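Novice: Line by line, the protein sequences give chains W and F. Take the first sequence: its letters are residues 635 to 883, numbered as in the working numbering. Take the second sequence: its letters are residues 46 to 584, numbered as in the working numbering. All C-beta atoms in this analysis are idealised placements derived from N, C-alpha and C, irrespective of residue type, glycine included. As the structure is a computational prediction, the values presented were derived from the model and not from experiment. If you scroll down you'll find the structure; I have some questions about it.
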Amino acid sequence: MKILVAVKRVIDYNVQVRVKEDGSGVVTENVKMSTNPPDDNAIEESVKIKESGKAKEVVAVTVGEEKAQETVRKALAVGADRGIHVKTEGIVEPLAVSKILQKIVEKEKPDLVFMGKQAIDDDCNQTGQMLAALLKWPQATFASKIEVKEKSLEVTREVDEGLETIETNIPAIVTCDLRLNEPRYASLPNIMKAKKKSLEQINASDLGVDIKPRIEQIKVEEPPKRKSGIKVKSVEELVQKLKNEAKVI
Amino acid sequence: MSREAMEYDVVIVGGGPSGLSTAIKLKQIDSNLNVCLLEKGSEVGAHILSGNVFETKALDELLPNWKELNTPIKTKVTKEKFLFLGKTKSLSWPTWLLPSVQKNHNNYIISLANLCRWLAEQAEALGVEIFPGFPASEILYNDDGSVKGVATQDMGIDKEGNKKDNFESGIELHAKVTVFAEGCRGHLGKQLISKFNLNDGKDPQQYGIGFKEIWEIDEKKHEEGLVMHTAGWPLDNSTYGGSFMYHAENKQIFLGYVIGLDYKNPNLSPFDEFQRFKTHPQIKKIIEGGKRISYGARALIEGGLQSLPKMYMPGALLIGCDAGTLNTPKIKGSHTAMKSGIIAAETINEHIKEKKELSIYENKFKKSWAYKELYLARNVKPSFRWGLFFAILFTGIDQILFRGKFPFTLKHKHADHETLLPLNKAKKIDYPKPDGVITFDKTSSVYLTGTNHSDNQPVHLQLKDSNLPIKYNLEKFDEPAQRYCPAGVYEVQLENNISKFVINSQNCIHCKTCDIKEPSQNINWVTPEGGGGPKYGNM
């Protein structure tokens, strides 16, 4: 079995994101970038499946500008076998990423495609689903537990009501939840070895897919500042204020 | 416990200006040398914070064609101001009356973090292996007592010290020479200074705490290339410190404050002094209407030549501000740090190729312009114990008339942790509440640093005696850690009327002030799990 795992380079989750003055987007200059956190879970799970002997190869793929390949290198350092970097410039929307991944899937012929449930920058939560539609493959989203069987997967999903367990045929798309596992650290010797692993670079324009943005972004703005709270002396005062000032009860 | 080991010719600890200079110079001398550099930040630059007005002297030597290499060195200093501040008034000091060490024409306003990122790219292109996110946590020794290398931190240890599922053992890095370039108060450098008695016969080291905020200000008030320094208010006459304001590119200003950690009043809060400073009419008028976009703090060296330890020992060198090469009156250390790193590379090459002793470092350093600078600057900082007025008078005579050539050297008498007065002898200080526009609290400030440490790991701020903060410090000094920490790591909380000392180690921004100022040297700063700490951008 072969697993393709898709990773995305995003603003690090510890960084306070700042909106550009002209409202055209967020500041990415001088900002620490990292792998999208649930993508780390996707890599971890792929590598675990390989270690259990159920998969033969893990291929990591990313779509993005030149520096995006850092996320593939990181995947290689924690156990992916080789990497693919599809070079793009500017904004690449989920549909475009799905189309690119479709081409990669057709070329690589994996049995499973893993990725994070959503990226923490645009929060779209669409790429996995769109890729499933394009490939006409089954999808298991928000996976928090995965069991690989002969020709199927048993996946536990994090849904609003609790946990839902489904079984799906292989090949399939799986999008991973943060609860799926605890990603390992890259060890120093493995980072060294990763530098020698193959990382193929492909220009998105060579794939023959239309990746033009479909969405027009009108404005990006910061959420309104939260007003500071007040302390009340008694329950009566609280009820009175909720009734008369906040008018919520 | 056996750990995996990797062999290198040279291992460098720390990706700041000095360590990166050593790495680059080594590869320039001999591209066959195996050079590895460890950096505790999640990327090179993540833990770098500096003013910074950059003198290019050392870079000119290291990479003479730097101007052609797309450096982040862009803003030339075009104008200088020096102000003495009173509470509401200010007096502009003519720049021709400034000692030449404080003149900045030919220098550049830069982000040192970005310069380090750029230096790291140069080093990697030359074949240096750089590993960010890997703190060197332990020094390894050979049987003969010489330094053998370092070990990286184990990853995936829980609060109680047990291995978690994702445990990853640290590894040993062995080298012919290990270079320690951790910056001010490096936690390994501290151990080496003590083990090899490197500071024998030297004055106690002197430190300061430096704050920096980056503001985006109104275009009309922004004068790219303007460098302004102030002395005086809000500090009293006996406290050493001052401010900087550098107008960088993109409508940004680098605004900062440095306070000597030899301050005496335990009620003093360096953070709040900096916040209060911004309310001075001369400062407020510039930042008003602007937006604070970054915050950070870092301890720095102020001891100069009198406190500079021996920089070599068997198997290792101690360079940059891990030793203490900052030129205090010049308020600059990047160029001397880089020079000390270049000399380290030359020394190591001769040591490996010609079997020369590492002690040749001393002579090489003494012959360099970096040493000469430190020598001429040596009397400025110690003169400040006479108070601002006499210090300035003395500095004027020393630096302008005699150009640092007085036939005597003033001494630093006390270590910074010894200077606090007990509460009953100290003045209370009332700091105004932050307004959230010009002045801020610690919580919102720390948020901007992007600092984080995964919560389930051992506390990296270790108390030698866990009772001391409450039993001794609270009563005698109202536990000054609550105030000297720029990140609100230390708190005294009341629980059922019993005072409790709380360490919020996940807030730590790796400034090392606690390790320096704690009156009984009770706090030991050790490396947390790799990648933790601030995520500074263009600091």
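#1: At a Cβ threshold of 8 Å, is W:E816 touching chain F?
#2: Express the C-alpha separation of F:S63 and W:P817 in angstroms, rounding to a whole number.
#3: Name the one or two DSSP bridge partners that F:L218 has.
#4: Do the CB positions of F:P311 and F:A460 come within less than 8 Å of each other?
#5: Looking only at its own chain, which residues have a Cβ that is under 6 Å from the Cβ of W:G713, when we skip the five neighbours before and after it?
#6: For chain W, is any of its Cβ atoms less than 8 Å away from the one on F:K580?
#7: Have a look at the DSSP bridge pairing and note the partners of W:A694.
#8: Can at least three beta-carbon pairs, one atom from the segment 444-452 of chain F and one from the segment 354-372 of chain F, be found at a separation below 8 Å?
#9: At a Cβ cut of 7 Å, what residues of the segment 640-668 of chain W count as close to chain F, listed as they run along the chain?
#10: Does the beta carbon of F:N497 come closer than 8 Å to any beta carbon on chain W?
#11: Since F:P279 and F:T133 are thought to touch, with beta carbons under 8 Å apart, how far apart are those beta carbons, to the nearest angstrom?
#12: Restricting to runs no shorter than 4 residues, where is the alpha helix (DSSP H) found entirely within the segment 734-784 of chain W?
#13: For the segment 752-783 of chain W, list every residue whose C-beta sits within 7 Å of some C-beta in chain F, in sequence order.
#14: Suppose contacts are defined by Cβ-Cβ distances below 8 Å. Is W:I637 in contact with W:M667 by that definition?
#15: Using the Cα positions of F:K487 and F:A532, report the straight-line distance between them to the nearest angstrom.
#16: Ignore the nearest five residues each way along the sequence and tell me which others in W:F776's own chain have a CB closer than 6 Å to its CB.
#17: Sort out for me which residues DSSP pairs F:E347 with in a bridge.
#18: Am I right that F:F299 and F:K257 are in contact with their C-beta atoms under 8 Å? What's the rounded C-beta distance?
#19: Should W:R643 be labelled buried (16 or more other beta-carbon atoms within 10 Å of its own) or exposed?
#20: Determine the extent of the alpha helix (DSSP H) in which F:R162 is found, giving its start and end residues.
#21: Quick check on the burial criterion: 16 or more other C-beta atoms within 10 angstroms. Buried or exposed for W:Q874?
#22: Taking the straight line between their C-alpha atoms, what separation do you get for F:E88 and W:Y819?
#23: Would W:I725 be called buried (16 or more neighbouring beta carbons within 10 Å of its own) or exposed?
#24: Excluding the 5 residues preceding and the 5 following F:D248 in the sequence, name in chain order all residues of the same chain whose CB lies nearer than 7 Å to its CB.
#25: Please compile the residues from chain F whose C-beta is within a distance smaller than 8 Å of the C-beta of W:P823.
#26: Spell out a yes or no on whether the segment 701-711 of chain W and the segment 727-736 of chain W are touching, meaning 3 or more CB-CB pairs, one atom from each, closer than 8 Å.
#27: Applying the 10 Å Cβ sphere with the 16-neighbour rule, what's the burial state of F:Q147?
#28: Starting from F:H508, follow the beta strand (DSSP E) in both directions and report where the run begins and ends.
#29: Roughly how many angstroms separate the alpha carbons of W:G698 and F:S145, rounded to a whole number?
#30: Alpha carbon to alpha carbon, how far is F:E169 from F:L493?
#31: Identify whether F:G301 lies in helix, strand or coil by the three-state DSSP scheme.
#32: By a C-beta neighbour count over all protein chains shown, 10 Å radius and 16 as the cutoff for buried, is W:D674 buried or exposed?
#33: Taking DSSP as the reference, what is the three-state secondary structure of F:N394?
#34: Considering only their Cβ atoms, is the gap separating F:T484 from F:N552 smaller than 8 Å?
#35: F:N18 touches chain W at which residues, Cβ-Cβ below 7 Å?
#36: Can you list, in chain order, the residues of its chain whose CB lies under 7 Å from that of W:Q773, leaving out five sequence neighbours each side?
Specialist: Straight from the coordinates:
#1: Yes, W:E816 lies at the interface with chain F (some Cβ there is under 8 Å from its Cβ).
#2: 34 Å
#3: F:M51, F:V195
#4: no
#5: V681
#6: Yes, F:K580 lies at the interface with chain W (some Cβ there is under 8 Å from its Cβ).
#7: W:V639, W:G717
#8: no
#9: D646, N648, V649, Q650, R652, N664, V665, K666
#10: Under the 8 Å criterion on CB atoms, F:N497 is classed as interfacial with respect to chain W.
#11: Actually they are not in contact, since the Cβ atoms of F:P279 and F:T133 sit about 11 Å apart, beyond 8 Å.
#12: 761-769
#13: For the segment 752-783 of chain W, the set of positions with a beta-carbon nearer than 7 Å to some beta-carbon of chain F is empty.
#14: Taking 8 Å as the cut-off, the Cβ atoms of W:I637 and W:M667 do not count as close.
#15: In this structure, the straight-line span from the alpha carbon of F:K487 to that of F:A532 is close to 6 Å.
#16: K751, R791, E792, D811
#17: None; F:E347 has no bridge partner.
#18: 6 Å
#19: buried
#20: 157-170 is the span of the alpha helix (DSSP H), which, as asked, contains F:R162.
#21: Under this definition W:Q874 is an exposed residue.
#22: 15 Å
#23: exposed
#24: Taking F:D248 as the centre and dropping the five residues before and after it, the same chain places the C-beta of G348, Q351, S352, K456, H457 closer than 7 Å to its C-beta, in chain order.
#25: E49, M51, I216
#26: no
#27: buried
#28: Per the sequence presented here, residue 508 of chain F reads as Leu, with His not at that position. Its beta strand (DSSP E) spans residues 506-508.
#29: 50 Å
#30: 29 Å
#31: Per DSSP, reduced to three states, the secondary structure at F:G301 is strand.
#32: buried
#33: The three-state reading of DSSP puts F:N394 in helix, counting H, G and I together.
#34: no
#35: In the structure as shown, chain F starts at 46 and stops at 584, and residue 18 of chain F therefore has no counterpart that could be examined.
#36: G762, Q763, A766, A806, I807
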